[in-house]
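Undergrad:
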């Protein structure tokens, strides 16, 4: 009986970790970026350099992900000499907002300096 | 110095003081501000160097974040970074009340220098450099400002006094002239007036026929009217400056004497007199109280109708004189005690009467009340704190 409960708890805990890991951000953004070898940390820091604030960045990236263009990209000319522009996102509005929220939350500088 | 002159002078000085103070304050603030600007500009060059150093370090940190997480610190200054939305990213500053619109400012013991970044390392758009505010600068500047203001105020005050004298001298001269004229005239009036009164009294009415007696009475009446006027003038020009000679006396006796004096006038207007006087002892200057009573009686006669009545009541703490005249319109009641105010232009006089009453009442702390009903009459009450009661 105790073993069953223990197993159940482990199961639930595992499931929670898994479900936490599989946000829309992980499923959509992270997997593709890993595939393409484009560091999300690097894109974040580049974006920060241009957009500065949280709201500004989210709005700017949202627009970019919907309508990518070399002119508005934060990657710089150097990158596009060897790489292609990404395709517009297929996510819905709310999915995109949620993904960007996770992105900011996980990579932000505020609160992570000593 | 006369009352009107004094109030004019006071008004002028108040205006002058206000204007000079405002001017000195304005100049002081201006001076202080410019001194502050100069000091800040001097510090700015130095602090701009600090900012350039800090930006280099921020750039390095941006490139190595998040492997490197330690915000760059410098013993020479404290700093903070804010993003485009004015959200603080990190701060080592002591004072985190920041102003994004100015490039350098003093606040609560520190100086903040604000540098806008071209590329937002770590998302920072604003870099604040904080250095301690040099307190000695503040105190020396404040001292200099205060000293300058004090010296300026001193000279302006001297100039103000000079101006006030200049401004008042023509007025003073004309007032002095008028004053002297009235004093001289008043003085010259005394002897002939007394002569007339003494001689009229000396005549024996029973030795005259009815017509002659009537004429004599008219002369007596006119002489008494001039006599009260003379007393008023004397009070206004001379007596009010003389120290009061207060004694204890019976007010009832004084009032009875004054009634006797006014008798001719009552008779001339055919006034019926009702008196109800109780003995009351007060402590005051007899002559001043006589002026007060005279003026009240004279008004009661002057503004009464022919064949009317006068009621005089004396109680401890209160004297009331009621006439049956046409009364005073309510809108005139307020300024009735002012000098030269005559609420009824049809009557003669200088309008000195109630002003004198007011001044004497003020001198002895008496309360005056005036109730008037147009068409029915006026009651003037003089109230004081009775020592015996």
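Residue numbers (the numbering used here), protein chains in the order written: chain E, 13 to 126; chain C, 2 to 390.
Every residue gets a Cβ at the ideal spot worked out from N, C-alpha and C, and that includes glycine.
Using alpha carbons as the reference points, say which of C:274, C:58 and C:263 lies closest to residue 75 (chain C).
TA: Among C:274, C:58 and C:263, the Cα nearest to that of residue 75 (chain C) belongs to C:58.
Undergrad: Could you check how far apart the C-beta atoms of residue 48 (chain C) and residue 132 (chain C) are, in whole angstroms? I think they sit under 8 Å.
TA: Confirmed, about 6 Å.
Undergrad: Going along chain C, which residues have a C-beta under 7 Å from residue 121 (chain E)?
TA: Those within 7 Å of residue 121 (chain E) in chain C are 66, 90, 123 and 124.
Undergrad: Is there a C-beta anywhere in chain C that falls below 8 Å from the one on residue 61 (chain E)?
TA: Output row for residue 61 (chain E): interface = yes.
Undergrad: Output yes if chain E places a C-beta closer than 8 Å to the C-beta of residue 154 (chain C); else output no.
TA: No, its Cβ sits nowhere closer than 8 Å to a Cβ of chain E.
Undergrad: When burial is assigned at 16 or more other CB atoms within 10 Å of the CB, is residue 70 (chain C) buried or exposed?
TA: Exposed: under 16 other Cβ atoms inside 10 Å.
Undergrad: Do residue 324 (chain C) and residue 291 (chain C) count as a contact pair if the criterion is CB distance below 8 Å?
TA: In this structure, residue 324 (chain C) does not lie closer than 8 Å to residue 291 (chain C) by Cβ.
Undergrad: Anything in the stretch 98 to 126 of chain E with a Cβ closer than 7 Å to a Cβ of chain C? List those residues in chain order, please.
TA: For the stretch 98 to 126 of chain E, which is checked against every Cβ of chain C, the residues closer than 7 Å are 121, 122, 124, 125 and 126.
Undergrad: Assuming residue 69 (chain E) contacts residue 63 (chain E) under a Cβ cut-off of 8 Å, what Cβ separation, rounded to an integer in Å, is found between them?
TA: So it is a contact: roughly 4 Å between Cβ atoms.
Undergrad: Counting along the chain, where does the beta strand (DSSP E) carrying residue 109 (chain C) start and finish?
TA: Looking at the DSSP string, residue 109 (chain C) is not in any beta strand (DSSP E), and its letter there is neither H nor E.
Undergrad: Roughly how many angstroms lie between the CA atoms of residue 244 (chain C) and residue 373 (chain C), to the nearest whole one?
TA: Rounded to whole angstroms, residue 244 (chain C) to residue 373 (chain C) spans 34 Å at the Cα level.
Undergrad: Please check if any C-beta of chain C sits within less than 8 Å of the C-beta of residue 64 (chain E).
TA: Closer than 8 Å to some Cβ of chain C, the Cβ of residue 64 (chain E) qualifies, so yes.
Undergrad: Please give the ranges of any alpha helix (DSSP H) in the stretch 63 to 150 of chain C, keeping only runs that are unbroken, at least 4 residues long and fully inside the region.
TA: Whole alpha helix (DSSP H) segments, 4+ residues: zero.
Undergrad: Can a CB atom of chain E be found closer than 8 Å to the CB of residue 70 (chain C)?
TA: Answer yes: the Cβ-Cβ gap between residue 70 (chain C) and chain E drops below 8 Å somewhere.
Undergrad: List the residues of chain E whose Cβ lies closer than 9 Å to the Cβ of residue 63 (chain C), in chain order.
TA: In chain order: 57, 60, 61 and 121.
Undergrad: In whole angstroms, give me the CA-to-CA distance for residue 120 (chain C) and residue 75 (chain E).
TA: If I take the Cα positions, the gap works out to 21 Å.
Undergrad: Do residue 108 (chain C) and residue 96 (chain C) have their beta-carbon atoms positioned less than 8 Å apart in this structure?
TA: Their beta carbons are under 8 Å apart, which means residue 96 (chain C) touches residue 108 (chain C) by this criterion.
Undergrad: Just how far apart, CA to CA, sit residue 186 (chain C) and residue 237 (chain C)?
TA: Going by the C-alpha atoms only, they are around 13 Å apart.
Undergrad: Output, in chain order, the set of chain E residues within a Cβ distance shorter than 7 Å of residue 85 (chain C).
TA: The contacting residues are 64, 65 and 68.
Undergrad: So the candidates are E:121, E:101, E:66 and E:86; which of them puts its Cα closest to the Cα of residue 37 (chain E)?
TA: It is E:101.
Undergrad: Going by the beta-carbon positions, is the gap between residue 304 (chain C) and residue 287 (chain C) smaller than 8 Å?
TA: No, the Cβ-Cβ distance between residue 304 (chain C) and residue 287 (chain C) is not below 8 Å.
Undergrad: Measure the C-alpha to C-alpha separation of residue 158 (chain C) and residue 104 (chain C) and round it to an integer number of angstroms.
TA: Taking the straight line joining both Cα atoms gives about 40 Å.
Undergrad: Thinking residue 126 (chain C) and residue 62 (chain C) are a contact (beta carbons under 8 Å), I'd like their distance in whole angstroms, please.
TA: 16 Å between Cβ atoms; not a contact.
Undergrad: So is residue 53 (chain C) buried or exposed if we call it buried at 16+ other beta carbons inside 10 Å?
TA: Residue 53 (chain C) is exposed by the Cβ-count criterion.
Undergrad: Beta carbons nearer than 8 Å to chain E: which residues of the stretch 106 to 123 of chain C have them?
TA: Within the stretch 106 to 123 of chain C, the qualifying residues are 120, 121, 122 and 123.
Undergrad: Name the DSSP beta bridge partners of residue 74 (chain E), please?
TA: Per DSSP, none; premise fails for residue 74 (chain E).
Undergrad: Just the Cα atoms here: how many angstroms apart are residue 118 (chain E) and residue 65 (chain C)?
TA: One C-alpha to the other measures close to 17 Å.
Undergrad: Would you tell me roughly how many angstroms separate the C-alpha atoms of residue 246 (chain C) and residue 23 (chain C), rounded to the nearest one?
TA: Looking at the two C-alpha atoms, the distance is approximately 47 Å.
Undergrad: Can you give the beta carbon distance from residue 190 (chain C) to residue 163 (chain C), rounded, assuming they're within the 8 Å contact cut?
TA: In fact, because the Cβ distance is near 40 Å, the residues do not count as touching under 8 Å.
Undergrad: Quick check on the DSSP output: the beta strand (DSSP E) that includes residue 251 (chain C) runs from which residue to which?
TA: Start and end: 247 to 251.
Undergrad: Please determine whether the Cβ atom of residue 87 (chain E) lies at a distance below 7 Å from any heavy atom of the ligand PLP.
TA: The ligand PLP is not among the ligands present in this structure, which contains no ligands whatsoever.
Undergrad: Is residue 259 (chain C) buried or exposed, if buried means 16 or more other CB atoms sit within 10 Å of its CB?
TA: Classification of residue 259 (chain C): buried, given that the 10 Å Cβ count is 16 or more.
Undergrad: Assuming residue 298 (chain C) and residue 253 (chain C) form a contact by the criterion Cβ under 8 Å, report the distance between their Cβ atoms to the nearest whole angstrom.
TA: Going by Cβ atoms, the distance from residue 298 (chain C) to residue 253 (chain C) rounds to 15 Å, so no, they are not a contact pair.
Undergrad: Compare the Cα-Cα distances from residue 277 (chain C) to each of C:320, C:98, C:173 and C:271 and report the closest residue.
TA: For the residues C:320, C:98, C:173 and C:271, the minimum Cα distance to residue 277 (chain C) belongs to C:320.
Undergrad: Is it right to say residue 351 (chain C) is buried, meaning 16 or more other beta carbons lie within 10 angstroms of its own, or is it exposed?
TA: Because residue 351 (chain C) carries a pLDDT of 49, less than 50, the predicted location of this residue cannot be relied on, and the following value inherits that uncertainty. Exposed, by the Cβ-count rule.
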